[in-house]
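Protein chains in written order, with my numbering: chain A, 1 to 165; chain B, 1 to 165; chain C, 1 to 165; chain D, 1 to 165. For reference, the structure is listed below as structure tokens.
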DNA sequence: TTTT
DNA sequence: TTTT
């Protein structure tokens, strides 16, 4: 049924990208969502609290992460909440919950996302894409150069480029 | 950038389905989201208020609507908010805001939605899918019989079956 | 920043309710979101997959859970994703991710959720509310009887009835 | 039931703020969500398309708009979709759909939102707040100076400061 | 026009 | 552990 996470936050560290034999890519990174501190009505001080989310991005979103996401980047992420179990080094069963990204949108000005001067300062427009509309061809995606930043990408590549999971 | 509506409500009237020459289908129906009445702290009675949303569903979602959605059906809908202008019969320019559905999920028990054998097996409902997961082949979709109700459907059919809009 | 989960699924087991000295309540239960099985284009069968979410509901939402949520109930839940760490019986540090509910909406027909007279009239459910609209006075809430089911509730009780967390 | 819009986009013009006799404020502004252009698989070029949303923000969110939102500001907005009817100058009945904001989050770097040099460049943190958690006292909100930017605000002020609508 |  |  419906399993959706919607996050806006900042990336904690540069993404780790792995490639598989079948040329598929996956990116892992963490995203912080921070709640501001505040006082309750009775004067109690509630401190700021940061929640860290483990983000997993496959296929085109992994390439987006590789090219445009780094420590500190502000992102909108939409994805599915998934918990997987694994045995740690001591054979203890553990659980890890991850957000498997369906949509990633880079936020802030172009200058926030790339410090280079290759982004024409007069460009200004806000390109965008949608998760369900007809998808641009893969060839279009990977050709995206720095002057045509894919600041939004959805993960609807279909089965043909499916993955080892 | 991000343009998303998330609605849970009840269908006001049976959907209207139209077919185009290229075999594409579109369904239109209205969805009510009702806020309950309540009293403010100073005792003021705020009456119940119903908001009516114009829903547009294309392709497989139109067929889902045709086969499984009727007056009173409770739905979860995810879509995009779009406003279009048109000239009415008197040539006055008017605006209409619609929710173009990306995901429709039938809610409630099966007995609420169906339970009867009145759904023709050739009706061609489509199987559940998620917006980003690999999509089942079209051939699989049309083989879906009435005993395997597609209570969730997303609209990610891709460009090849795109539409006159 | 933004940390939001949106779920539609079925409750796995009757909620567990705990009361604290200060009369506050918390409910814990699990919610299943099931993705249907499907075939990829190359014929691979992807089996059905169920994700289990640990739901935590405080205050009025805990009472809603106590009175109206049971094994099998279909729910819409909106909440925050929170991960907490704890040491298990063997002193091993573990992590648990939970959805702390902000909004719970009972889905399906009334007959799915109730219809019976088994809900104690003194149970004190709370009326529907929205997270941002003016909130009904507390006195109104506790007068709610069983014949006026609060099928929607949001958790915006404010600081004065805050909690040991 | 559930009526939620989630938008990320850019403000089209400086907000208009109006104050009422009872000291309440409302802000109106438009927000653009732009879909990128793309090519369909059969080579058809789908042009970029911008959707304009009419945003209405009450109370504290109106003050946030007054102080921190201007033409070009990038925002995350969560709200309710509401359609109201009115008679235009010619007595023709018209409809206008608006997004009544519940949550507004300023996006991008601090320097994006305020060009002044009063924001210490070393500050860097991203304060935040949540829609359902206990709310900071009003006095805290209105004292927010430029060095403590309220880049996130939710509209849960309660009935006592309710409004002429 | 739905639903509660 | 739910539901379909």
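Think of the CB as a built atom: it goes at the ideal place given N, C-alpha and C, for glycine as much as any other residue.
Straight across, the Cα-Cα distance linking residue 155/A with residue 102/A is about 5 Å. Residues of chain C with a Cβ closer than 7 Å to the Cβ of residue 2/D are, in chain order, 76, 105. A Cβ-Cβ distance of about 20 Å is found for the pair residue 94/D and residue 12/D, leaving them out of contact under the 8 Å criterion. Interface flag for residue 79/D against chain A is unset, since no Cβ pair is found closer than 7 Å.
Proximity of residue 100/D to chain A, defined by a Cβ-Cβ separation below 7 Å, is not satisfied. Contact check for residue 25/D against residue 19/D passes: the beta carbons are separated by less than 7 Å. Taking C-beta separations shorter than 7 Å and ignoring five residues to either side along the sequence, the partners of residue 36/D in its chain run 48, following chain order.
Judged by DSSP in its simplified three-state form, residue 63/A adopts helix. Of the candidates 21/D, 73/D, 105/D, 43/D, the residue whose Cα lies closest to the Cα of residue 79/D is 105/D. Neighbours of residue 9/C across chain A, judged by C-beta separation under 8 Å: 1, 2, 3. Residue 100/B is a Cβ neighbour of residue 56/B, given a cutoff of 7 Å. Contact with chain D is absent for residue 12/A, since none of that chain's Cβ atoms lies less than 7 Å from the residue's Cβ.
By the neighbour-count criterion, in which 16 or more other beta carbons inside 10 Å mark a residue as buried, residue 74/D falls on the buried side. Between the beta-carbon of residue 81/B and that of residue 15/B there is about 19 Å, and that puts the pair past the 8 Å contact cut.
Within 7 Å of the CB of residue 6/A, the CB atoms of chain D belong to 6, in sequence order along the chain. Within chain B, no C-beta atom comes less than 8 Å from the C-beta of residue 60/C; the nearest is roughly 13 Å away. Uninterrupted alpha helix (DSSP H) stretches at least 4 residues long and entirely within the segment 47-93 of chain D occur at 59-68, given in chain order. Taking every protein chain shown into account, the CB of residue 59/D has 16 or more other CB atoms within 10 angstroms, so this residue is buried.
With distances taken between CA atoms, residue 153/C lies nearest to 64/C out of 84/C, 64/C, 41/C, 23/C. Within chain D, no C-beta atom comes nearer than 8 Å to that of residue 66/B; the closest sits roughly 24 Å away.
With distances taken between CA atoms, residue 33/C lies nearest to 51/C out of 17/C, 51/C, 21/C. Contacts with chain C at 7 Å (Cβ-Cβ) do not include residue 45/A. Burial is judged here by how many other beta carbons sit within 10 angstroms of a residue's own beta carbon; residue 90/D has fewer than 16 and is exposed. Scanning 21/D, 53/D, 45/D, 17/D for the CA closest to the CA of residue 4/B turns up 53/D. Chain C places a beta carbon closer than 7 Å to that of residue 82/A, counting this residue as a contact. Around the beta-carbon of residue 66/C, 16 or more other beta-carbon atoms lie within 10 Å, marking it buried.
Approximately 6 Å separates the beta-carbon atoms of residue 2/A and residue 6/C; this is inside 8 Å, confirming the contact. Looking at the backbone, the Cα of residue 44/B and that of residue 38/B are separated by about 8 Å. From the beta-carbon of residue 92/D, the residues of chain B found nearer than 9 Å are 88, 90, 92, 94. Of the residues assessed, residue 22/A falls on the exposed side of the cut-off, its CB having fewer than 16 other CB atoms within 10 angstroms. By the Cβ-count criterion, residue 62/D is buried, with 16 or more other Cβ atoms from all chains shown falling within 10 Å of its own Cβ. As the crow flies, the alpha-carbon of residue 10/D is around 27 Å from that of residue 29/A. Contacts with chain C at 7 Å (Cβ-Cβ) do not include residue 16/A.
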